[in-house]
Amino acid sequence: MSDQRVIVVEVTPPREEHDEQHFLEKEIDLAENKIERLQDKKDRLNERIGKLDQKTKNLTKSNERFEEVLDRSQQEGASRRVLETGLESLKQGRETCLENEKTLLELDLEALGLLKKIREWEVYREKLKTRQEEMRFEEWMRREEGLRYEDWKKSKYS
745 MSDQRVIVVE VTPPREEHDE QHFLEKEIDL AENKIERLQD KKDRLNERIG KLDQKTKNLT
805 KSNERFEEVL DRSQQEGASR RVLETGLESL KQGRETCLEN EKTLLELDLE ALGLLKKIRE
865 WEVYREKLKT RQEEMRFEEW MRREEGLRYE DWKKSKYS
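Counting from 745, one number per residue, gives the positions in the sequence shown under our numbering.
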């Protein structure tokens with residue numbers, strides 16, 4: 745009788761697959777760095793929005809108080825020149841509030857754009873990670889195909 749021998753052949757991934765794995769790792773790192781930079785930019789923008797919003801609220805309150813003072817001054821018979829100067833200051837304060845509100849809307853729009861970009865990069869990163877996991881699984885399956893039944897039963901995918 746002849747001896748039966750089992751030859752186990754380990755299949756190494758083709759060069760292109762190794763290059764693709766390396767490419768995926770680099771792309772995942774790039775995506776994570778990009779997400780981090782966009783998050784930092786969004787955080788700075790949110791801080792700027794918060795400061796400008798608070799400044800606008802304070803100016804609005806100040807304008808309301810100033811308007812009340814002007815009304816009282818007019819009722820008390822203040823000079824025409826004082827009232828005109830006060831009204832001009834109030835007008836400038838209101839214009840500043842409107843400019844700030846416009847800027848806030850623009851900044852909010854920019855923040856939404858950043859959120860969209862962050863989400864797009866997160867989706868891209870997840871696709872890369874999925875592909876990377878698929879490649880690991882395919883490599884594991886190739887290794888499993890060459891195992892004897894007893895070894896195959898002991899094997900686990902990790």
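Note that the Cβ used here is the ideal one computed from N, Cα and C, for glycine as well.
With fewer than 16 other CB atoms across the displayed protein chains lying within 10 angstroms of its CB, Leu849 is exposed. In this structure, Leu858 sits near Lys785, with a CB-CB distance shorter than 8 Å. Under the Cβ criterion (8 Å, minimum of three pairs), the segment 814-832 does not count as touching the segment 869-888.
Taking a cut-off of 8 Å for Cβ pairs, the segment 841-848 and the segment 813-822 do not touch, as fewer than three such pairs fall below it. Burial is judged here by how many other beta carbons sit within 10 angstroms of a residue's own beta carbon; Leu782 has at least 16 and is buried. Between Arg838 and Asn807, the beta carbon gap of about 6 Å places them in contact (Cβ cut-off 8 Å). The continuous stretches of alpha helix (DSSP H) do not include Leu891, and DSSP gives it neither H nor E. Of the residues Arg887, Asn777 and Cys841, the one whose Cα lies closest to the Cα of Ile862 is Asn777. Assigned with DSSP and collapsed to three states, Ala822 falls in coil, not helix or strand. Distance from Ala855 to Ile779 at the Cβ level is roughly 15 Å; contact not present, criterion being Cβ atoms closer than 8 Å. Distance from the CA atom of Leu774 to the CA atom of Glu791, rounded to whole angstroms, is 26 Å.
In the structure shown, Ser899 falls within a coil segment according to DSSP collapsed to helix, strand and coil. In this structure, Arg880 is the residue among Arg886, Gly890, Glu811 and Arg880 with its C-alpha nearest to the C-alpha of Glu764. With respect to Leu834, Phe810 sits close: the two C-beta atoms are nearer than 8 Å.
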